[in-house]
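J.:
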Amino acid sequence: MLEFKSKVVYQIYPKSFKDSNGDGIGDLRGIIEKLDYLEFLGVDYLWLTPFFVSPQNDNGYDVADYRRIDPLFGTMEDLEELIAKADKKGIGLMLDMVFNHTSTQHEWFQKALRGDPEYMDYYIFKDGRPEQLPTNWESKFGGPAWEYVPYLKKWYLHLFDATQADLNWENPRVREELKSILRFWKKKGIKGFRFDVVNLISKPEVYKDDFEGDGRRFYTDGRHVHDFLKELVRDAEIEDMMTVGEMSSTSLENCIRYSNPDEKELTMCFNFHHLKIDYRDGNKWELMEPDISALKELFNIWQVGMQQAKGWNAVFWCNHDQPRIISRLGDDRKYWRESAKMLAASIHMMRGTPYIYQGEELGMTNAGYESIDRYRDVESLNYYDIMLKQGKTKKDALEILAARSRDNARTPMQWSDKDNAGFTEVEPWISLPDNYKTINAEAEAKDESSILSFYKKVICLRKEKAVIAEGNIEFLDKRNPDVLAYRRMLGAEEIIVLCNLRGKEAVFNGNVELTTYEKILGNYAKEGERLGKLRPYETVIYEKMRIIP
Numbered sequence: 000m001l002e003f004k005s006k007v008v009y010q011i012y013p014k015s016f017k018d019s020n021g022d023g024i025g026d027l028r029g030i031i032e033k034l035d036y037l038e039f040l041g042v043d044y045l046w047l048t049p050f051f052v053s054p055q056n057d058n059g060y061d062v063a064d065y066r067r068i069d070p071l072f073g074t075m076e077d078l079e080e081l082i083a084k085a086d087k088k089g090i091g092l093m094l095d096m097v098f099n100h101t102s103t104q105h106e107w108f109q110k111a112l113r114g115d116p117e118y119m120d121y122y123i124f125k126d127g128r129p130e131q132l133p134t135n136w137e138s139k140f141g142g143p144a145w146e147y148v149p150y151l152k153k154w155y156l157h158l159f160d161a162t163q164a165d166l167n168w169e170n171p172r173v174r175e176e177l178k179s180i181l182r183f184w185k186k187k188g189i190k191g192f193r194f195d196v197v198n199l200i201s202k203p204e205v206y207k208d209d210f211e212g213d214g215r216r217f218y219t220d221g222r223h224v225h226d227f228l229k230e231l232v233r234d235a236e237i238e239d240m241m242t243v244g245e246m247s248s249t250s251l252e253n254c255i256r257y258s259n260p261d262e263k264e265l266t267m268c269f270n271f272h273h274l275k276i277d278y279r280d281g282n283k284w285e286l287m288e289p290d291i292s293a294l295k296e297l298f299n300i301w302q303v304g305m306q307q308a309k310g311w312n313a314v315f316w317c318n319h320d321q322p323r324i325i326s327r328l329g330d331d332r333k334y335w336r337e338s339a340k341m342l343a344a345s346i347h348m349m350r351g352t353p354y355i356y357q358g359e360e361l362g363m364t365n366a367g368y369e370s371i372d373r374y375r376d377v378e379s380l381n382y383y384d385i386m387l388k389q390g391k392t393k394k395d396a397l398e399i400l401a402a403r404s405r406d407n408a409r410t411p412m413q414w415s416d417k418d419n420a421g422f423t424e425v426e427p428w429i430s431l432p433d434n435y436k437t438i439n440a441e442a443e444a445k446d447e448s449s450i451l452s453f454y455k456k457v458i459c460l461r462k463e464k465a466v467i468a469e470g471n472i473e474f475l476d477k478r479n480p481d482v483l484a485y486r487r488m489l490g491a492e493e494i495i496v497l498c499n500l501r502g503k504e505a506v507f508n509g510n511v512e513l514t515t516y517e518k519i520l521g522n523y524a525k526e527g528e529r530l531g532k533l534r535p536y537e538t539v540i541y542e543k544m545r546i547i548p
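Going by numbering that gives the first Met the number 0, the letters in the sequence shown line up with residues 0 to 548, in that order.
1) Under a three-way DSSP split, which group does tryptophan 301 fall into?
2) From the DSSP output, in three-state form, read off asparagine 381 for me.
3) Mapping the DSSP letters down to three states, classify threonine 219 as helix, strand or coil.
4) Give me, in chain order, the residues of the same chain whose beta-carbon lies closer than 7 Å to that of tyrosine 536; leave out the 5 immediate sequence neighbours on both sides.
5) Do you know how far the Cα of glycine 23 is from the Cα of tyrosine 65?
6) DSSP state of threonine 423, grouped into three classes?
7) Residues in its own chain within less than 8 Å of glutamine 306 by CB, not counting five upstream and five downstream?
8) Locate the beta strand (DSSP E) running through proline 171, then write down its first and last residues.
9) Mapping DSSP to helix, strand and coil, what is alanine 235?
10) From the DSSP output, in three-state form, read off lysine 525 for me.
11) Please report how far the alpha carbon of leucine 137 lies from the alpha carbon of glutamate 528, in whole angstroms.
12) Just verifying my parser: in three-state terms, what is the DSSP assignment at methionine 0?
13) In this structure, how does DSSP classify aspartate 280 when only helix, strand and coil are distinguished?
14) Can you look up aspartate 77 in the DSSP assignment and give me helix, strand or coil?
15) Within the continuous beta strand (DSSP E) that includes asparagine 499, where are the two ends?
16) Could you spell out where the beta strand (DSSP E) holding alanine 164 opens and where it closes?
17) Quick check on this structure: which residue in Ala402, His347, Glu443 and Gly362 has the alpha carbon closest to the alpha carbon of lysine 496?
18) In terms of alpha-carbon separation, which member of His100, Val377, Glu398 and Tyr12 lies closest to isoleucine 200?
19) Evaluate the contact criterion for the region 100-118 versus the region 9-27: three or more CB pairs, one atom per stretch, below 8 Å.
20) Taking 8 Å as the threshold (C-beta atoms), are leucine 94 and isoleucine 189 in contact?
21) Is it true that the region 119-133 meets the region 166-186, where meeting means three or more beta-carbon pairs spaced less than 8 Å apart?
22) Near glutamate 359, which residues of its chain fall below 6 Å by C-beta distance, leaving aside the five closest residues on each side in sequence?
23) For tyrosine 155, which residues does DSSP report across the bridge?
24) Using 10 angstroms around the beta-carbon of phenylalanine 227, count the other beta-carbons present and answer buried if the total reaches 16, otherwise exposed.
25) Give the list of continuous alpha helix (DSSP H) stretches no shorter than 4 residues that lie fully inside the region 402-477.
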């Protein structure tokens with residue numbers, strides 16, 4: 000068995016995890032303070048979002064120096080202590096490498112702005128006049144994907160914010176710089192890497208307008224992306240490390256190549272198709288009820304497709320860019336506890352490596368902000384203005400942000416019912432939901448029936464049962480509009496997972512004789528159980544009974 004298959008990754012957004020020095024911002028020492036909690040939860044890796052030197056225009060995803068710690072988060076000594084103490088607890092650190100672009104404050108870009116031809120070739124500059132964009136591509140944060148530099152008489156490409164200039168991976172010197180950065184962190188004791196939007200690194204040979212979309216079809220999973228990744232992994236000597244690629248608008252065929260061990264690229268991939276099932280006409284900023292049938296079909300396509308071709312998924316509901324899943328697909332009020340546990344089981348029993356985003360294991364909810372003044376995210380603020388210009392009312396725009404904003408995931412970790420949820424003793428950089436008085440780690444750690452306790456149980460099951468870590472997957476009752484059901488199989492071992500995705504009773508209609516299985520975990524008390532009949536948001540995990548001759 001490949002070692003990573005039984006592992007569980009916990010994502011930390013350092014800015015919002017734990018403030019150790021009273022400035023209202025989470026930091027590396029705050030993570031050190033909470034290592035006992037992470038060991039108690041049972042996770043194996045900590046993925047830390049960027050804490051490198053940055054102007055923080057995109058909360059650290061605009062890196063100005065890949066080898067230095069931003070003083071906002073601490074020092075290199077703090078990080079070295081964190082690596083060492085986590086290692087003693089059997090927990091490895093995974094760093095988030097933003098290699099598609101750098102901050103415009105990075106030394107390389109500053110040299111490019113001074114007209115140095117060597118460093119101008121580190122980025123994607125195009126000659127032109129201020130009134131004529133090189134292409135009509137749109138930035139993923141809104142507006143054109145090009146920024147003009149008048150005194151150079153050139154445009155530079157930025158697929159994200161204007162302060163995030165895209166790197167030119169066609170330049171071998173750029174690729175050598177990035178390999179050197181990975182070697183630097185590997186030597187420090189880092190055990191894995193997550194690569195941000197890494198399937199966007201290979202741009203087209205010819206830049207042209209897109210009259211069908213926003214330009215992404217020309218650079219997503221680009222012409223040299225697999226060659227670039229093979230070279231990066233091989234030359235940086237990280238083949239034996241856990242690596243995950245964030246794949247934007249990707250395809251199954253490409254993710255098979257990215258993650259098939261024979262290709263020697265990455266260990267696993269994030270894809271986001273299952274998190275677009277409530278986008279009206281594919282537009283993130285238009286709301287609709289989640290399409291559960293589409294969700295089930297996407298899970299089937301990706302789980303079975305990757306299985307058939309030796310690919311490997313990173314399975315997840317939440318991260319720093321996504322709204323809280325319980326507020327999205329669950330019920331964060333009446334069935335808060337039940338729906339959070341069901342959503343945990345649905346993902347953690349699948350084929351793939353599960354990722355938990357901080358607070359997900361507590362059932363943390365969306366922020367519930369009612370004023371634009373409470374938002375901090377550059378994408379949210381940009382799209383608020385865009386929505387108003389499109390004719391939406393402030394009320395409508397705020398309703399959409401309340402459901403979609405990345406700030407929903409970035410509110411401080413809820414440690415206790417004390418002021419500011421025990422995150423800080425001063426005003427936090429971003430405000431908290433009011434429900435931290437009841438939803439917090441301190442309270443849940445003492446409660447055997449808590450969401451936190453349930454997460455501990457599903458994590459243990461993956462480590463205890465090879466069928467979960469290694470087994471094949473087969474989806475059951477596929478036409479059922481309410482129930483996600485699947486079977487995991489490995490030799491004689493077999494489990495069945497049933498998840499009611501609705502806030503009403505549902506019936507499992509799969510062709511399975513459940514009397515030959517025994518329940519090993521569920522989210523409701525035994526009272527009221529009826530085989531195959533599921534209460535609102537109920538989940539049940541069954542194991543095949545062993546026949547003793």
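Even for Gly, the Cβ is constructed at its ideal location relative to N, Cα and C.
Here the structure is a predicted model, which is why all the values come from computation and not from measurement.
T.: With the structure as the only source:
1) The answer is helix: DSSP assigns tryptophan 301 an H, G or I state.
2) Of the three classes helix, strand and coil, the one that applies to asparagine 381 here is helix, per DSSP.
3) Coil, per DSSP.
4) In chain order, Gly329, Asp330, Tyr334, Glu337, Ser338, Met341, Asn499 and Gly502 place their CB closer than 7 Å to the CB of tyrosine 536, counting only its own chain and leaving out the 5 sequence neighbours on each side.
5) Those two C-alpha atoms are separated by around 24 Å.
6) For threonine 423, the three-state secondary structure derived from DSSP is coil.
7) Excluding its 5 nearest sequence neighbours in each direction, glutamine 306 has C-beta neighbours in its own chain below 8 Å: Arg350, Asn471 and Ile472, listed in chain order.
8) Unbroken run through proline 171 is the alpha helix (DSSP H), 171-186; no beta strand (DSSP E).
9) Coil.
10) Coil, per DSSP.
11) According to the sequence provided, residue 137 is glutamate. The question's leucine does not apply to it. Computed Cα separation, rounded: 52 Å.
12) Residue placement at methionine 0 is poorly supported in this model, since its pLDDT is 39, which falls under 50; the coordinates still yield a value, given next. If DSSP states are grouped into helix, strand and coil, methionine 0 belongs with coil.
13) If DSSP states are grouped into helix, strand and coil, aspartate 280 belongs with the helices.
14) When DSSP states are grouped into helix, strand and coil, aspartate 77 belongs to the helix group.
15) Its beta strand (DSSP E) spans residues 492-499.
16) Membership of alanine 164 in the beta strand (DSSP E) is indicated by the continuous run 163-165.
17) Checking the displayed sequence, the identity of residue 496 turns out to be valine instead of lysine. Cα-wise, what sits closest to valine 496 is His347.
18) When each option's Cα is compared against that of isoleucine 200, the closest is His100.
19) By the Cβ rule, the region 100-118 does not count as touching the region 9-27, because fewer than three pairs are nearer than 8 Å.
20) Against a cut-off of 8 Å, the Cβ pair of leucine 94 and isoleucine 189 comes out as a contact.
21) Yes: the two stretches touch, three or more of their Cβ pairs being nearer than 8 Å.
22) Correct list, in chain order: Cys317.
23) Paired residues: Phe124 and Glu146.
24) Around the beta-carbon of phenylalanine 227, 16 or more other beta-carbon atoms lie within 10 Å, marking it buried.
25) Listed in chain order, they are 440-444, 450-463 and 465-469.
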